[in-house]
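Report on the structure given below.
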Amino acid sequence: MKVMEARFALPKRFILARLHSLTGIVPLGAFLLEHLYSNAVAMHGAAAYNRQVATLQGIPFVAVLEVVLIFIPLLYHAIYGLSLAFLSRHNVGSYGYQHNWRFFLQRLSGIVTLVFVVYHLWAIRVQALVFGTEVNFQAVAQHVSSPWIFSFYVLGVISTAFHFSNGLWAGLITWGFTVGQRAQRRSAIVLMLVFALLSLIGVGSLAAFLA
Numbered sequence: 190m191k192v193m194e195a196r197f198a199l200p201k202r203f204i205l206a207r208l209h210s211l212t213g214i215v216p217l218g219a220f221l222l223e224h225l226y227s228n229a230v231a232m233h234g235a236a237a238y239n240r241q242v243a244t245l246q247g248i249p250f251v252a253v254l255e256v257v258l259i260f261i262p263l264l265y266h267a268i269y270g271l272s273l274a275f276l277s278r279h280n281v282g283s284y285g286y287q288h289n290w291r292f293f294l295q296r297l298s299g300i301v302t303l304v305f306v307v308y309h310l311w312a313i314r315v316q317a318l319v320f321g322t323e324v325n326f327q328a329v330a331q332h333v334s335s336p337w338i339f340s341f342y343v344l345g346v347i348s349t350a351f352h353f354s355n356g357l358w359a360g361l362i363t364w365g366f367t368v369g370q371r372a373q374r375r376s377a378i379v380l381m382l383v384f385a386l387l388s389l390i391g392v393g394s395l396a397a398f399l400a
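Read in order, the letters of the sequence shown are residues 190 to 400 in my numbering.
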């Protein structure tokens with residue numbers, strides 16, 4: 190019986206790891222890109238941002254879609270990610286290899302990102318649903334007007350951008366798209382540029398609310 194359990198242990202872990210990778214790319218990665226785009230609309234002014242928010246809120250069954258496509262995948266991705274973060278051994282102090290540092294920073298950025306996302310959802314989305322407050326340019330601008338909140342959001346945006354970009358790099362390896370070292374080095378360069386671009390867009394969007 191124990192032999193049979195051992196045989197099924199690896200496939201179960203394999204499936205959970207693949208599901209964790211998949212939820213990080215789709216739908217959470219897709220939602221991140223959409224969210225960054227919607228916030229970037231704020232660079233065109235309050236009226237443009239408010240129209241974008243109204244368009245998103247006007248999507249049929251938007252609450253159901255948020256639960257199914259965002260909250261449930263986020264819950265699984267976070268729980269499995271936290272188990273990796275606290276149960277995995279990090280050896281960057283002994284072995285300064287690039288993969289080890291990427292592994293460590295991925296776990297660290299995941300924790301920071303989770304705290305940021307939970308706070309952001311509570312402060313913007315959940316309070317709007319519970320207390321009936323309106324989500325618009327003025328409300329977001331007031332929310333990030335505090336230097337502490339703004340700094341926390343900058344950290345959160347950069348952490349989220351890194352976690353997604355570095356996770357996508359690892360995902361390309363996991364799903365067999367970048368097998369050799371040369372392909373992995375090239376994808377690392379491309380995705381670090383993606384990280385820089387997403388960070389720039391995110392921080393620029395935050396600054397637009399203070400303009």
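Quick reminder that beta carbons are idealized off the backbone N, C-alpha and C, glycines included.
(request) Would you mind stating whether Leu395 and Val343 have Cβ atoms separated by less than 8 Å? (result) As a working mapping, residue 395 is identified with position 206 in the sequence shown. As a working mapping, residue 343 is identified with position 154 in the sequence shown. The Cβ atoms of Leu395 and Val343 lie closer than 8 Å to each other.
(message) Give me, in chain order, the residues of the same chain whose beta-carbon lies closer than 8 Å to that of Gly393; leave out the 5 immediate sequence neighbours on both sides.
(response) Here residue 393 is taken as the residue at index 204 of the sequence shown, counted from 1. Shown here for Gly393: same chain residues with a beta carbon closer than 8 Å to its own, the five before and five after excluded, namely Ala229 and Met232 in chain order.
(request) Can you grab the Cα-Cα spacing for the pair Asn239 / Trp337, in whole Å? (result) For this step, residue 239 is matched to residue 50 along the sequence shown. For this step, residue 337 is matched to residue 148 along the sequence shown. Straight-line Cα distance between these residues: approximately 25 Å.
(request) Quick one: which unbroken alpha helix (DSSP H) runs of 4-plus residues sit fully inside the segment 245 to 280? Chain order, please. (result) Runs found: 251 to 255 and 261 to 276.
(request) To the nearest angstrom, report how far apart Leu211 and Gly360 are at their CA atoms. (result) Here the question's residue 211 lines up with position 22 in the sequence shown. Here the question's residue 360 lines up with position 171 in the sequence shown. Between Leu211 and Gly360, the C-alpha separation is close to 8 Å.
(message) Report the start-end ranges of each beta strand (DSSP E) in the segment 217 to 247 that is 3 residues or longer and not cut off at the edges.
(response) Those beta strand (DSSP E) runs which fall completely within the segment 217 to 247 and span 3+ residues do not exist here.
(request) Express the C-alpha separation of Thr349 and Phe220 in angstroms, rounding to a whole number. (result) In the sequence shown, the residue the question calls residue 220 occupies position 31. In the sequence shown, the residue the question calls residue 349 occupies position 160. Using only the alpha carbons, I get a separation of about 12 Å.
(request) Kindly indicate the opening and closing residues of the alpha helix (DSSP H) around Val379. (result) One-based indexing of the sequence shown puts residue 379 at position 190. Judged by DSSP secondary structure, Val379 falls within the alpha helix (DSSP H) whose first and last residues are Gln370 to Ala397.
(message) At the level of alpha carbons, what is the spacing between Leu287 and Phe250?
(response) By one-based count along the sequence shown, residue 287 stands at place 98. By one-based count along the sequence shown, residue 250 stands at place 61. Strictly speaking, residue 287 in this sequence is Gln, with Leu absent from that position. C-alpha separation (whole angstroms): 44 Å.
(message) Using only the alpha-carbon positions, how far apart do Pro262 and Leu217 sit?
(response) Within the sequence shown, residue 262 is the residue found at index 73, counting from 1. Within the sequence shown, residue 217 is the residue found at index 28, counting from 1. Answer to the nearest angstrom: the Cα atoms are 7 Å apart.
(message) Tell me the rounded alpha-carbon separation between Phe292 and Gly270.
(response) Reading the sequence shown from its first residue, position 103 is the one you call residue 292. Reading the sequence shown from its first residue, position 81 is the one you call residue 270. Distance between the alpha carbons of Phe292 and Gly270 is about 12 Å.
(request) Helix, strand or coil for Gly213, going by three-state DSSP, please let me know. (result) The sequence position of residue 213 within the sequence shown is 24, counting from 1. Note: Gly213 maps to helix in three-state DSSP.
(message) Measuring only the C-alpha atoms, how far is Leu318 from Val253?
(response) Stepping through the sequence shown from its first residue, residue 318 is reached at position 129. Stepping through the sequence shown from its first residue, residue 253 is reached at position 64. Each residue's alpha carbon lies about 13 Å from the other.
(message) Which same chain residues end up closer than 7 Å to Ser388 when comparing Cβ atoms and leaving out the 5 residues on each side of it in sequence?
(response) Residue 388 sits at position 199 when you count from the first residue of the sequence shown. Cβ neighbours of Ser388 beyond the five flanking positions: Val346, Ile347 and Ala350.
(message) Quick check on the burial criterion: 16 or more other C-beta atoms within 10 angstroms. Buried or exposed for Leu329?
(response) What you label residue 329 is simply residue 140 of the sequence shown in a count that begins at 1. Sequence inspection shows Val at residue 329; the Leu mentioned does not correspond to that position. Buried, by the Cβ-count rule.
(request) Return the residue from the list His352, Gly369 and Arg296 that minimises the CA-CA distance to Phe380. (result) Residue 380 sits at position 191 when you count from the first residue of the sequence shown. The sequence given here has Leu at residue 380, not Phe. Looking at the Cα atoms, His352 is the closest of the given residues.
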